[in-house]
Amino acid sequence: MPSADATVDLLRALIREGCVNDGTRESGQEIRNVRVLQRFLADAVAAGRVETQVLESAPGRASLIARVRGTDPDAPALGLLGHIDVVPVDPEGWSRNPFGGDLIDGEIWGRGAVDMLYLTAAFAAVLREVALAPEPPRGDLVLLAVADEEAGGEFGIHWLVREHPEAVRVTEALSESGGMRMGEHVAIEVAEKGSAGRRLVIRGRPGHASIPYGAQSAAYRVGEVLHRLGEVMPAAQLGELWGAFVAARIDDPALAERLLDPVRLDAALPQLGGIAGYAHAVSRITMSPTVLRAGATHNVIPAVGTIDLDIRTLPGTSDAEVDELIRAVLGDLADGIEIQYLRGWAATSSSAETPLFAAIERAVEAVSGSPVVPIMAAGGSDARVLRELGIPAYGYGVLGPGWTYERYREGVHGHDERIDVESIELSLAALRRIVADRIG
Ligand SMILES: [Zn+2]
Numbered sequence: 000m001p002s003a004d005a006t007v008d009l010l011r012a013l014i015r016e017g018c019v020n021d022g023t024r025e026s027g028q029e030i031r032n033v034r035v036l037q038r039f040l041a042d043a044v045a046a047g048r049v050e051t052q053v054l055e056s057a058p059g060r061a062s063l064i065a066r067v068r069g070t071d072p073d074a075p076a077l078g079l080l081g082h083i084d085v086v087p088v089d090p091e092g093w094s095r096n097p098f099g100g101d102l103i104d105g106e107i108w109g110r111g112a113v114d115m116l117y118l119t120a121a122f123a124a125v126l127r128e129v130a131l132a133p134e135p136p137r138g139d140l141v142l143l144a145v146a147d148e149e150a151g152g153e154f155g156i157h158w159l160v161r162e163h164p165e166a167v168r169v170t171e172a173l174s175e176s177g178g179m180r181m182g183e184h185v186a187i188e189v190a191e192k193g194s195a196g197r198r199l200v201i202r203g204r205p206g207h208a209s210i211p212y213g214a215q216s217a218a219y220r221v222g223e224v225l226h227r228l229g230e231v232m233p234a235a236q237l238g239e240l241w242g243a244f245v246a247a248r249i250d251d252p253a254l255a256e257r258l259l260d261p262v263r264l265d266a267a268l269p270q271l272g273g274i275a276g277y278a279h280a281v282s283r284i285t286m287s288p289t290v291l292r293a294g295a296t297h298n299v300i301p302a303v304g305t306i307d308l309d310i311r312t313l314p315g316t317s318d319a320e321v322d323e324l325i326r327a328v329l330g331d332l333a334d335g336i337e338i339q340y341l342r343g344w345a346a347t348s349s350s351a352e353t354p355l356f357a358a359i360e361r362a363v364e365a366v367s368g369s370p371v372v373p374i375m376a377a378g379g380s381d382a383r384v385l386r387e388l389g390i391p392a393y394g395y396g397v398l399g400p401g402w403t404y405e406r407y408r409e410g411v412h413g414h415d416e417r418i419d420v421e422s423i424e425l426s427l428a429a430l431r432r433i434v435a436d437r438i439g
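Each residue of the sequence shown is one higher than the last, beginning at 0 in numbering that gives the first Met the number 0.
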């Protein structure tokens with residue numbers, strides 16, 4: 000097997016640039032990681048085997064597209080979608096320099112090591128191998144090394160598909176959020192929940208705060224509604240992916256039976272330990288109150304208050320269903336409450352019946368000895384933008400045997416983020432097989 004050294008070196012270089020995205024337009028400055036990747040691909044570009052484009056959505060907010068052309072226009076065009084930005088750090092919480100890229104006892108340390116620079120590096124390394132191979136591939140292999148994933152992709156994938164659709168053209172794709180171990184299985188993401196933000200506008204009757212008698216403070220009503228939201232859990236809606244998750248992760252047959260019963264599921268959640276939050280999230284629409292507002296002046300009883308809800312939907316959930324669910328949860332309190340729409344996007348999913356998914360299953364099982372389980376992510380990633388275009392996209396990765404879902408969650412966006420060389424080797428080995436299978 001070719002070594003992982005090139006990928007490890009590239010990963011360390013990407014970490015050291017510290018392309019931290021704090022959500023502001025000026026942050027990220029991903030052009031620095033674009034240059035790292037350009038240097039890495041320089042020999043393949045010089046040999047005329049890779050076409051690269053640097054596309055900049057705003058000053059410094061650059062993405063690199065690198066395409067190895069295939070010989071058969073009817074073959075698939077496989078996209079490798081990797082972001083090159085990272086989230087901020089709290090250096091106090093780290094035991095090493097978060098942007099040092101240290102390699103210690105077989106682990107590479109640094110912000111972005113897991114999310115997702117190790118994969119972006121592996122994507123680039125395999126693309127370079129394919130480019131420098133004696134024979135060109137049948138289909139295109141395309142590295143989409145993109146800016147701004149961590150803040151929603153407005154300066155990255157959204158802008159690219161809108162402004163440069165030809166440059167980013169692929170027919171299927173791999174991205175992040177896979178490879179965790181679930182029981183004997185390796186998880187591959189096929190779906191992501193959606194987001195349906197809502198604002199509840201709650202009205203009362205104002206008055207001078209010195210004479211509260213007879214006034215109906217919106218603040219009290221906000222409190223009542225908040226209390227209700229905390230008491231009522233939206234009911235479970237179990238789909239195929241839930242069944243696959245339970246079968247992959249739960250050994251105890253009695254517990255599995257309760258988890259598959261929407262009525263008994265909630266009472267069984269505490270038995271799931273560190274994975275209970277994930278299980279709760281992917282088994283239903285969730286609602287989290289995040290921003291509360293009422294009143295502006297100390298001595299005026301507020302006439303109006305608002306509660307912003309972060310609502311995460313399942314594939315197929317409509318806006319009308321979300322509004323109905325809110326009214327059902329509020330019950331008798333719903334009267335007179337206005338529901339306004341905040342930012343949102345639909346849940347997305349790709350079929351687990353595609354040729355690419357079958358190739359992933361074969362490759363992952365061959366290198367890890369473990370079968371694949373398709374999962375839904377509670378959060379979102381850039382893969383959603385491709386799925387919205389009808390392009391099958393999967394959250395890929397093959398992490399080492401110790402990487403439970405809980406450990407993965409802790410590593411991503413947490414302190415002391417680091418990835419082991421074994422996980423990089425596994426991910427590379429399976430990726431080479433997938434690429435050979437689809438376009439070789
Ligand atoms: Zn990520």
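All C-beta atoms in this analysis are idealised placements derived from N, C-alpha and C, irrespective of residue type, glycine included.
Computed from a predicted structure; not experimentally measured.
Any non-hydrogen atom of ligand 1 within 6 Å of E175 CB: yes
Would the C-beta of M115 count as close to ligand 1, meaning under 6 Å from any of its heavy atoms? yes
7 Å CB neighbourhood of A124 in its chain, flanking five on each side removed: A5, T6, L9 and L427
On the three-pair Cβ rule with 8 Å, is the stretch 281-289 touching the stretch 307-326? yes
Return the CA-CA distance between L79 and D318, expressed in angstroms with no decimal places. 32 Å
Please name the residue in Y340, V224, V420 and G27 whose C-alpha comes closest to that of R11. V420
As assigned by DSSP and simplified to three states, the class of E352: coil
Would you mind giving the Cβ-Cβ distance between G177 and Y393, rounded to the nearest angstrom? I have them listed as a contact below 8 Å. 7 Å
G27 versus E148: straight-line alpha-carbon distance, rounded: 10 Å
My parser needs the alpha helix (DSSP H) runs of 4 or more residues fully inside the stretch 213-271; what are they? Taking only runs of at least 4 residues, the alpha helix (DSSP H) segments lying wholly in the stretch 213-271 are 217-230, 239-248, 252-258 and 264-267.
Taking W158 as the reference, give the member of G401, L398, V384 and S422 with the closest Cα. V384
Since V200 and I336 are thought to touch, with beta carbons under 8 Å apart, how far apart are those beta carbons, to the nearest angstrom? The distance from the Cβ of V200 to that of I336 is about 7 Å, consistent with a contact at the 8 Å cut-off.
How would you write the range of the beta strand (DSSP E) that V372 sits in, first residue to last? Taken as a continuous stretch (DSSP letters only), the beta strand (DSSP E) holding V372 covers V371 to A376.
Going by beta-carbon coordinates alone, are I14 and I187 separated by less than 7 Å? no
In angstroms with no decimal places, state the Cα-to-Cα distance between I418 and W108. 7 Å
Counting Cβ pairs closer than 8 Å, one from the stretch 208-215 and one from the stretch 355-371, do we hit at least three? no
Quick one, which of G238, E239 and L271 has its alpha-carbon nearest L254's? L271
Using 10 angstroms around the beta-carbon of E256, count the other beta-carbons present and answer buried if the total reaches 16, otherwise exposed. exposed
Let me know the secondary structure DSSP gives G193 once reduced to three states. Strand at G193.
The alpha helix (DSSP H) with A124 in it runs from where to where? Where A124 is concerned, the enclosing alpha helix (DSSP H) stretches over Y117 to L131.
From what residue to what residue does the beta strand (DSSP E) around E337 run? E337 to W344
Extent of the continuous beta strand (DSSP E) run through E387: E387 -> not in any beta strand (DSSP E); alpha helix (DSSP H) instead, spanning A382 to E387.
Closest Cα partner of A175 within the set R198, V160 and L143: The amino acid at residue 175 is misidentified as Ala; the sequence shows Glu. Cα-wise, what sits closest to E175 is L143.
Mapping the DSSP letters down to three states, classify E25 as helix, strand or coil. In the structure shown, E25 sits in coil (DSSP, three-state: anything other than H, G, I, E or B).
Opening and closing residue of the beta strand (DSSP E) in which W108 lies: E106 to W108
Expressed to the nearest angstrom, what Euclidean distance is found between the alpha-carbon atoms of A146 and S350? 27 Å
If you follow the alpha helix (DSSP H) that I325 is part of, which residue opens it and which one closes it? Unbroken alpha helix (DSSP H) run through I325: D318 to L329.
Would you please state the rounded distance, in angstroms, between the beta carbons of L355 and P301? I believe it to be under 8 Å. Wrong, their Cβ atoms sit about 54 Å apart, outside the cutoff.
G206 bridges to which residues according to DSSP? I300
Just the C-alpha distance for V189 and R386, rounded to the nearest angstrom, thanks. C-alpha separation (whole angstroms): 10 Å.
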